[in-house]
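Going from the sequence shown to this note's numbering is simple: count from 1 and add 236.
Note that the Cβ used here is the ideal one computed from N, Cα and C, for glycine as well.
Structure first, then comments.
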Amino acid sequence: MNFNDIANAFVLANLMGSPTELHGALCGRVSGGQKLSEDELLSVVGELLEVDLERVEDLGDMLPELYQYTLGQVSSRGFEFLPLLPDDEIPLNQRLASLGEWCQGFLFGLGNSGLSTKTELTGDIADALSDMASISQVASLEEEDGEEEDEISYTELVEYVRVAVLLIYAELNPVEDQIAQTIH
237 MNFNDIANAF
247 VLANLMGSPT
257 ELHGALCGRV
267 SGGQKLSEDE
277 LLSVVGELLE
287 VDLERVEDLG
297 DMLPELYQYT
307 LGQVSSRGFE
317 FLPLLPDDEI
327 PLNQRLASLG
337 EWCQGFLFGL
347 GNSGLSTKTE
357 LTGDIADALS
367 DMASISQVAS
377 LEEEDGEEED
387 EISYTELVEY
397 VRVAVLLIYA
407 ELNPVEDQIA
417 QTIH
């Protein structure tokens with residue numbers, strides 16, 4: 237599963253929306269501990285894209301496949317997770333804007349995951365969420381051509397987001413909770 241798979245499904249379904257924001261929202265839901273049924277998944281995506289369920293159903297098998305892929309990557313203790321973002325061939329300013337959309341989706345998903353307002357977050361998690369909120373406000377670079385330093389900075393930002401998501405998931409979904417759910 238990659239960015240182009242999602243983007244192509246959006247085009248075929250004639251849906252306007254951000255594939256990166258969708259992936260971010262699903263990652264946020266998973267990180268908050270929410271497990272979605274197929275009907276809930278359709279509803280969540282409809283809400284995010286602001287379309288009715290019939291339009292979401294036009295995405296076909298891509299949506300449940302994306303959700304299972306996301307669930308597997310975020311919950312894996314192998315640090316395999318990567319946000320689905322445009323390839324490096326895309327201009328840097330567009331990739332940066334997509335990273336901002338991904339973070340916006342993540343925050344939306346986490347905020348709507350059913351996470352209790354009484355959930356205490358460590359300083360590291362609170363800082364990571366604050367940083368992701370700042371990244372979500374990034375529109376794009378003014379210049380089309382990315383300098384090498386800009387590429388390095390972008391790569392570091394993506395890595396920061398990747399590690400932040402894994403940290404947030406690990407804190408909100410301790411291994412003991414997962415073992416207890418498996419035993420029952």
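CA-to-CA, the gap between residue 293 and residue 337 works out to about 23 Å.
Residue 297 and residue 312 have their C-alpha atoms some 22 Å from each other. A straight-line Cα-Cα distance of about 9 Å links residue 339 and residue 367. Looking only at 261, 245 and 239, the smallest Cα-Cα distance to residue 349 is reached by 261. Linking residue 352 to residue 408 through their CA atoms gives a straight-line distance of about 11 Å.
By the beta-carbon neighbour count (other beta carbons within 10 angstroms, threshold 16), residue 245 is buried.
Classified as exposed, residue 250 has fewer than 16 neighbouring CB atoms from the shown chains inside 10 Å of its CB. In the three-state scheme derived from DSSP, where H, G and I count as helix and E and B as strand, residue 237 is classed as coil.
Here residue 363 carries a helix assignment [DSSP, helix/strand/coil]. The continuous alpha helix (DSSP H) containing residue 311 extends over residues 298 to 311. Linking residue 240 to residue 354 through their CA atoms gives a straight-line distance of about 38 Å. In the three-state reduction of the DSSP assignment, residue 249 falls in the coil class. Non-local beta-carbon contacts of residue 320 in its own chain, meaning distances under 6 Å to residues more than five positions away in sequence, involve 239 and 259 in chain order. Less than 9 Å separates the beta-carbon of residue 264 from that of residue 344.
By the 16-neighbour rule on beta-carbons within 10 angstroms, residue 280 is buried.
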